[in-house]
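**Q** Residue numbers (the working numbering), protein chains in the order written: chain X, 3 to 697; chain H, 256 to 402. After the structure tokens below, expect a handful of questions from me.
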Amino acid sequence: MDMSQYLEIFIEESNEHLQHMNQIMLDLENRPDDLSLLNEVFRIAHTIKGMSGTMGFTKTANLTHEMENVLHLVRSKEIEVSDQIVDILFECFDTLEEYINHLSNTGEEGDLDSTELVNKLKAVEKNRGFGGPALNETVEEEPSTSSAVEAGSSSNDEFHLDVNDLPDNIIDNALNNGFNALKVKIILNEGCMLKAARAFIVFNTLEQFGEVIKSYPIAEDIEDERFDNEFELLFMTKLDEEATRTEVMRISEIDEVVVKATELEASGEAVEVVEEVKVEEVKVEQPEKEEKLNLKSTDKKKKPAQSQGSKGKTSKTVRVDINRLDNLMNLVSELIIIKTRLEDSENTGSTQNMNEAVEYLERITTSLHDAVMKVRMVPVERVFNRFPRMVRDLAKDLGKGIHLNMSGEETEVDRTVIDEIGDPLIHLIRNSIDHGVESMEERRKKGKPESGTVNLRAYPDGNTVVIEVEDDGAGVNHEKIAEKALEKGIVSRDEVESMSQNEIVMLLFKAGFSTAAEVTDLSGRGVGLDVVKSKIESLGGIVEVQTEIGKGTRFIIRLPLTLAIIQALMVNLGDEKYALPLNNIKEITTIQSNSISKVQDQEVVLYRNSTLPILRLPEILQVPNIDQDDKEELTVVVVRKGMQEAGVVVDSLIGQQEIVIKSLGKYLGGIHSVAGATILGNGSVALIVDPNQLF
Amino acid sequence: MSQVLEFVIFKLCDEYYGIDIQNVENIEKVLKITRVPYTEGHIEGVVNLRGNIIPIIDLRKRFNLPAKNSDDESRIIIVKAKGVTVGMIVDSSSEVLQLENVDIDEAPAIKGSVDQDYIRQIGKSDGRIIMLIDLMKVLGIEELDEE
Numbered sequence: 003m004d005m006s007q008y009l010e011i012f013i014e015e016s017n018e019h020l021q022h023m024n025q026i027m028l029d030l031e032n033r034p035d036d037l038s039l040l041n042e043v044f045r046i047a048h049t050i051k052g053m054s055g056t057m058g059f060t061k062t063a064n065l066t067h068e069m070e071n072v073l074h075l076v077r078s079k080e081i082e083v084s085d086q087i088v089d090i091l092f093e094c095f096d097t098l099e100e101y102i103n104h105l106s107n108t109g110e111e112g113d114l115d116s117t118e119l120v121n122k123l124k125a126v127e128k129n130r131g132f133g134g135p136a137l138n139e140t141v142e143e144e145p146s147t148s149s150a151v152e153a154g155s156s157s158n159d160e161f162h163l164d165v166n167d168l169p170d171n172i173i174d175n176a177l178n179n180g181f182n183a184l185k186v187k188i189i190l191n192e193g194c195m196l197k198a199a200r201a202f203i204v205f206n207t208l209e210q211f212g213e214v215i216k217s218y219p220i221a222e223d224i225e226d227e228r229f230d231n232e233f234e235l236l237f238m239t240k241l242d243e244e245a246t247r248t249e250v251m252r253i254s255e256i257d258e259v260v261v262k263a264t265e266l267e268a269s270g271e272a273v274e275v276v277e278e279v280k281v282e283e284v285k286v287e288q289p290e291k292e293e294k295l296n297l298k299s300t301d302k303k304k305k306p307a308q309s310q311g312s313k314g315k316t317s318k319t320v321r322v323d324i325n326r327l328d329n330l331m332n333l334v335s336e337l338i339i340i341k342t343r344l345e346d347s348e349n350t351g352s353t354q355n356m357n358e359a360v361e362y363l364e365r366i367t368t369s370l371h372d373a374v375m376k377v378r379m380v381p382v383e384r385v386f387n388r389f390p391r392m393v394r395d396l397a398k399d400l401g402k403g404i405h406l407n408m409s410g411e412e413t414e415v416d417r418t419v420i421d422e423i424g425d426p427l428i429h430l431i432r433n434s435i436d437h438g439v440e441s442m443e444e445r446r447k448k449g450k451p452e453s454g455t456v457n458l459r460a461y462p463d464g465n466t467v468v469i470e471v472e473d474d475g476a477g478v479n480h481e482k483i484a485e486k487a488l489e490k491g492i493v494s495r496d497e498v499e500s501m502s503q504n505e506i507v508m509l510l511f512k513a514g515f516s517t518a519a520e521v522t523d524l525s526g527r528g529v530g531l532d533v534v535k536s537k538i539e540s541l542g543g544i545v546e547v548q549t550e551i552g553k554g555t556r557f558i559i560r561l562p563l564t565l566a567i568i569q570a571l572m573v574n575l576g577d578e579k580y581a582l583p584l585n586n587i588k589e590i591t592t593i594q595s596n597s598i599s600k601v602q603d604q605e606v607v608l609y610r611n612s613t614l615p616i617l618r619l620p621e622i623l624q625v626p627n628i629d630q631d632d633k634e635e636l637t638v639v640v641v642r643k644g645m646q647e648a649g650v651v652v653d654s655l656i657g658q659q660e661i662v663i664k665s666l667g668k669y670l671g672g673i674h675s676v677a678g679a680t681i682l683g684n685g686s687v688a689l690i691v692d693p694n695q696l697f
Numbered sequence: 256m257s258q259v260l261e262f263v264i265f266k267l268c269d270e271y272y273g274i275d276i277q278n279v280e281n282i283e284k285v286l287k288i289t290r291v292p293y294t295e296g297h298i299e300g301v302v303n304l305r306g307n308i309i310p311i312i313d314l315r316k317r318f319n320l321p322a323k324n325s326d327d328e329s330r331i332i333i334v335k336a337k338g339v340t341v342g343m344i345v346d347s348s349s350e351v352l353q354l355e356n357v358d359i360d361e362a363p364a365i366k367g368s369v370d371q372d373y374i375r376q377i378g379k380s381d382g383r384i385i386m387l388i389d390l391m392k393v394l395g396i397e398e399l400d401e402e
């Protein structure tokens, strides 16, 4: 069966489960005794195992299987939850995430090897938590005792047959009625040719004396010869163990028969004992299963490869609240109604009707716009919920105590923003923890609580969404910043002297700036905040910093609610129309052409006591047939990019308008100074200028 | 085994060209084209096709043929290949032709008026010579991928 159609669902669900698991494990670390948390992780591991098994993703299935085993031991109190176990679980979680990511990118599971991790888990199982050193030893020897050896260790006395899933009373009844419930293991001769037939004879023989309740592997598999040289049966009979053995041994080509009575334990009275048995069974089962799965995976591999061609990556999806979709549907039906109404009024020729209908149409389109925008919105939770884990790891690495408080996770942002905002936020948080929050010792000296606090907040503010990253650390010392900037040659001494404190702090965002005395692998490579800033600006947002020495620093990111629809200023250049995003525009003014002077081949004008570079947009955009030299007065739109400003000369202004941003597509992608295109009221296309690329 | 292939036939400078119908989305009258800066010469600009922005190339310019202003006969053939949708301006287009593969020859190495690279095969139908274009090369998608 072609599974590719389920792949998307699988990925979506797995991601959800993993996310959930992540949260729970973080809780688990703080409350290791909370059994409900453990149960939850166990349940998730089990679900993922089931799903990935069905999909044929053997590595994922194997790993989750081992996780399950360990978690089971923890649940049954055989192992204490230690840091070590939590760390291993986190590692498993990372690996699983890796698999799922790889899957969603390529449709295949990838070659990431989890053997070591599986071995670690196995080691934990074996040691039953006898502490660290023992664990390490076994980890080292484990690779050699790989599946082959383990398969050998499954001695003949051990049974795979699981009687626990039978209705409790079957065995009870049998025993009460004088029957014996026997587990029978039949080992066929190596040279046995027709294994299925031989098994059939065994079944037949036994049925003469009693009833075969269950078999391992299942009866169908046995019929199809899908077993190695041995199989197991649960046999209800009046015969005793020895007699059963003799009966079976009479059949030729059988090497050995092991018969074992099933005790009352299976009836569910002594749960703990049973569960232990179960665990062991599972463990022994593992190597065999691996082999089986490998076999399966070879013929399964062909199928994903085929579907690969038609569908390289899984498409991006959004989960939508059904209410929102209903709302959308309603609006569309209204739209259809209004269409008929317009048609009618056209026939009757009544202007009043027509006007009413148009007004109504306007209202609907506005609501429709809102509704569609809402569909595109996703809560920032999606980004936020990976941070607790990151903060935990980071704090551990750096030996700092960090509390992460998050609020406003439910704040909704456009999907496109969500995808892009993750990295900048990670950077800012790392920054806060690495540079902002002081070491424990230092904090103690300052009389602050030993653990630092990082607050991550999101809230809507008018037409924007604000995300704040705040720490209660050392704050930014602007003198130090100025010094550093001078040292790196980013600014001159004169410039520094004329700068306000805030402006100096903003130097943090200059390329090539890093205040960390020591470069750690986390931050301080000098490719930090400037990247954050440009990323956020490319999303149409802005970054601000507020800081107080000794108290802490707050980074404030302001993002537009959506990227798909923006306010823009429409301008004429020659015969062409262009759109300038309004949030980049500072003001509009006129200047006299004779006030323009040239400095190093760059036209500048003195405007409000500072020099403003002049950019002639028609020239930059290669507009044909322009002659503006004879104009005395130039219309100038002052655009800003961070702290820089420039005057952009346009021919004339049309006005402010809401525009829908459309991409130019792959074929024309990445054109200089053009951010995209939009469709105007008359159906023609206008290009959107990207002011960030102009200078 | 003879195999029948279908081609959309169009004209440039009174010569017949064909394009595999599999790649053709639809054929439009010439729409208002918006110029895009910083593009190669044969890219005319973009149009709004039912809410989608589609880049347009002038096939005459692409084939280094003398330029001609569009008229009533001019059409834009919307083609799709490798996930990109592009419109091509042609002098006219009005028929779909079925060609058996016996009627299709490899393009001979003769210097024609069109850059040899863009012509993949030559088709014959009722004494007409039809040049079957290599869409990937015409669109320059191969170049695009290499970049």
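For glycine and all other residues, C-beta sits at the position ideal for the given N, C-alpha and C. All values derive from a computational prediction rather than experimental measurement.
#1: Going by the CB atoms, is the gap between Arg290 (chain H) and Gly300 (chain H) shorter than 8 Å?
#2: Show which residues of chain H have a CB atom less than 9 Å away from the CB atom of His674 (chain X).
#3: Enumerated in chain order, which unbroken segments of the alpha helix (DSSP H) with a length of 4 residues or greater are wholly contained in the stretch 595-647 of chain X?
#4: Secondary structure at Val507 (chain X), three-state DSSP: helix, strand or coil?
#5: Which residues in chain H sit within 9 Å of Leu582 (chain X), going by Cβ to Cβ distance?
#6: At a Cβ threshold of 8 Å, is Ile84 (chain X) touching chain H?
#7: Does the ligand SAH have a heavy atom nearer than 7 Å to the CB of Glu472 (chain X)?
#8: I need the straight-line Cα distance from Val493 (chain X) to Asn387 (chain X), nearest angstrom please.
#9: Give me, in chain order, the residues of the same chain whose beta-carbon lies closer than 7 Å to that of Glu634 (chain X); leave out the 5 immediate sequence neighbours on both sides.
#10: Taking buried to mean at least 16 other C-beta atoms within 10 Å of its own C-beta, is Glu18 (chain X) buried or exposed?
#11: For Glu152 (chain X), name the three-state secondary structure that DSSP assigns.
#12: Is the Cβ-Cβ distance between Phe202 (chain X) and Ser217 (chain X) less than 8 Å?
#13: Taking the alpha carbon of Val285 (chain H) as the reference point, which residue from H:Tyr293, H:Val302 and H:Lys392 has its own alpha carbon closest?
#14: With a CB to CB cut of under 6 Å and the five nearest residues on each side skipped, what residues in its chain are close to Asn329 (chain X)?
#15: So which residues of chain H does Val687 (chain X) contact, with C-beta pairs closer than 7 Å?
#16: Quick test of your reading: Met386 (chain H) and Gly306 (chain H), contact by CB under 8 Å. State the CB separation rounded to the nearest angstrom.
#17: Note down, in chain order, every chain X residue with its Cβ under 8 Å from the Cβ of Val339 (chain H).
#18: Which value, in whole angstroms, describes the spacing of the CA atoms of Thr60 (chain X) and Asn325 (chain X)?
#19: Going by C-alpha distance, which of H:Leu320, H:Glu328, H:Tyr373 and H:Glu361 is nearest Ile282 (chain H)?
#20: Using a C-beta cutoff of 8 Å, does Leu623 (chain X) count as contacting chain H?
#21: For Gln569 (chain X), which residues of its own chain have a beta-carbon under 7 Å away from its beta-carbon, when the five flanking residues on both sides are left out?
#22: Taking Cβ positions only, does Val534 (chain X) come closer than 8 Å to chain A?
#23: Tell me which residue opens and which closes the alpha helix (DSSP H) that Tyr362 (chain X) is part of.
#24: Can you confirm whether Glu578 (chain X), when its beta carbon is compared against all beta carbons of chain H, has any partner nearer than 8 Å?
#25: Looking at Leu352 (chain H) and Ile333 (chain H), is the spacing between their C-beta atoms short of 8 Å?
#26: Just the C-alpha distance for Gly410 (chain X) and Leu458 (chain X), rounded to the nearest angstrom, thanks.
#27: In this structure, does DSSP put Ala221 (chain X) in helix, strand or coil?
#28: What in chain H is Cβ-close to Ile681 (chain X), meaning under 8 Å?
#29: I need the DSSP call for Lys579 (chain X), collapsed to helix, strand or coil.
#30: Go ahead and label Asn324 (chain H) buried or exposed: buried means 16 or more other beta carbons lie within 10 angstroms of its beta carbon, across all protein chains shown.
#31: By a C-beta neighbour count over all protein chains shown, 10 Å radius and 16 as the cutoff for buried, is Asp577 (chain X) buried or exposed?
#32: Quick check: Arg691 (chain X) and Val676 (chain X), are their CB atoms within less than 8 Å of each other?
#33: What's the C-alpha gap between Leu563 (chain X) and Arg365 (chain X)?
#34: Mind listing the chain H neighbours of Lys664 (chain X)? Cutoff is C-beta to C-beta under 7 Å, in chain order.
#35: Just to confirm the assignment, what range does the beta strand (DSSP E) spanning Gly300 (chain H) have?
#36: Could you tell me the distance, in whole angstroms, from the CA atom of Lys392 (chain H) to the CA atom of Gly338 (chain H)?
**A** Walking through what the data contain:
#1: yes
#2: Pro292 and Tyr293
#3: 619-622
#4: helix
#5: Ordered by position in chain H, no residue passes the 9 Å Cβ test against Leu582 (chain X), which lies about 15 Å from the chain.
#6: Looking at the sequence shown, residue 84 (chain X) is not Ile but Ser. So, not an interface residue.
#7: As for the ligand SAH, it is missing from this structure, which has no ligand bound.
#8: 39 Å
#9: Around Glu634 (chain X): Gln594 and Ser595.
#10: exposed
#11: The predicted position of Glu152 (chain X) is uncertain, since its pLDDT is 39 and thus under 50; a value taken from the coordinates is nonetheless stated next. It is helical.
#12: no
#13: H:Val302
#14: Ala373
#15: By Cβ distance, chain H contributes Thr289, Val301, Val302, Asn303 and Ile308.
#16: Going by Cβ atoms, the distance from Met386 (chain H) to Gly306 (chain H) rounds to 34 Å, so no, they are not a contact pair.
#17: Gly667, Lys668 and Tyr669
#18: C-alpha of Thr60 (chain X) to C-alpha of Asn325 (chain X): approximately 38 Å in a straight line.
#19: The shortest Cα separation from Ile282 (chain H) among H:Leu320, H:Glu328, H:Tyr373 and H:Glu361 belongs to H:Glu328.
#20: yes
#21: Leu584, Gln658 and Glu660
#22: Note that chain A does not occur in the displayed structure, where the protein chains are X and H.
#23: Thr353 to Arg378
#24: Closer than 8 Å: yes.
#25: no
#26: 9 Å
#27: Note: Ala221 (chain X) maps to helix in three-state DSSP.
#28: Asn303, Gly306 and Ile308
#29: strand
#30: exposed
#31: exposed
#32: First, the amino acid is wrong: residue 691 (chain X) is Val here, not Arg. Contact flag set, yes.
#33: 21 Å
#34: Taking a Cβ-Cβ cut-off of 7 Å, the neighbours of Lys664 (chain X) in chain H comprise Ile308, given in sequence order.
#35: Ile298 to Leu304
#36: 15 Å
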